[in-house]
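Numbering (the numbering used here), first residue to last: 124 to 269.
The structure is reproduced here in structure tokens:
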């Protein structure tokens, strides 16, 4: 049971670091939404579980996530949790280790009879020194306007 909304981020990181898609999915409602760092959108707990099971098997099986900072805004029976993270141990498509990533996970939680659960999540990579993306040559490139 997740007793307080700030523990939603802790539960996510704990499940991630154990590479446990079942524990990760269990913190979400059955009809929850999850948008990942490239905009893929899963619309229920089963989709969230399946996507993370694939990720832990192919991409993130050696990864470790660390919370760097968080902010919680309570709105009655709802709370918004914004958590800054760092990630090491990701593998490239060829299986080679890659460098550290940083990002921000936003969770919307709802208090229920059994504690707090996530109804929505959006995960975003942080690109230091960049302000936005620009569409070019069929893809996106990072851009800094300063």
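Yeah, the Cβ is synthetic: ideal placement off N, Cα and C, and Gly gets one too.
{"Item": "Considering just the uninterrupted stretch of the beta strand (DSSP E) at residue 197, what are its terminal residues?", "Value": "187-198"}
{"Item": "Just to confirm, are residue 136 and residue 190 a CB contact at a threshold of 8 Å?", "Value": "yes"}
{"Item": "I believe residue 167 touches residue 154 by the beta-carbon criterion, under 8 Å. Please report the beta-carbon distance rounded to the nearest angstrom.", "Value": "6 Å"}
{"Item": "Under a three-way DSSP split, which group does residue 163 fall into?", "Value": "coil"}
{"Item": "Exposed or buried, which one is residue 163 when buried takes at least 16 other CB atoms within 10 Å?", "Value": "exposed"}
{"Item": "Spatial neighbours of residue 255 within its chain, please: CB distance less than 6 Å, with the 5 preceding and 5 following residues excluded, ordered by chain position.", "Value": "266"}
{"Item": "Return the first residue and the last residue of the alpha helix (DSSP H) that residue 175 is part of.", "Value": "168-181"}
{"Item": "Need the endpoints of the alpha helix (DSSP H) that residue 130 sits in, please.", "Value": "130-140"}
{"Item": "Residue 239 to residue 128, Cα distance in whole Å?", "Value": "6 Å"}
{"Item": "Under the three-state reduction of DSSP, which class applies to residue 149: helix, strand or coil?", "Value": "helix"}
{"Item": "Determine the DSSP secondary structure at residue 144, reduced to helix, strand or coil.", "Value": "helix"}
{"Item": "Measure the C-alpha to C-alpha separation of residue 230 and residue 177 and round it to an integer number of angstroms.", "Value": "21 Å"}
{"Item": "Can you look up residue 229 in the DSSP assignment and give me helix, strand or coil?", "Value": "strand"}
{"Item": "When the Cα atoms are used, what is the spatial distance from residue 211 to residue 244?", "Value": "21 Å"}
{"Item": "Could you check if residue 253 is buried or exposed, using at least 16 other CB atoms within 10 Å of its CB as the buried criterion?", "Value": "exposed"}
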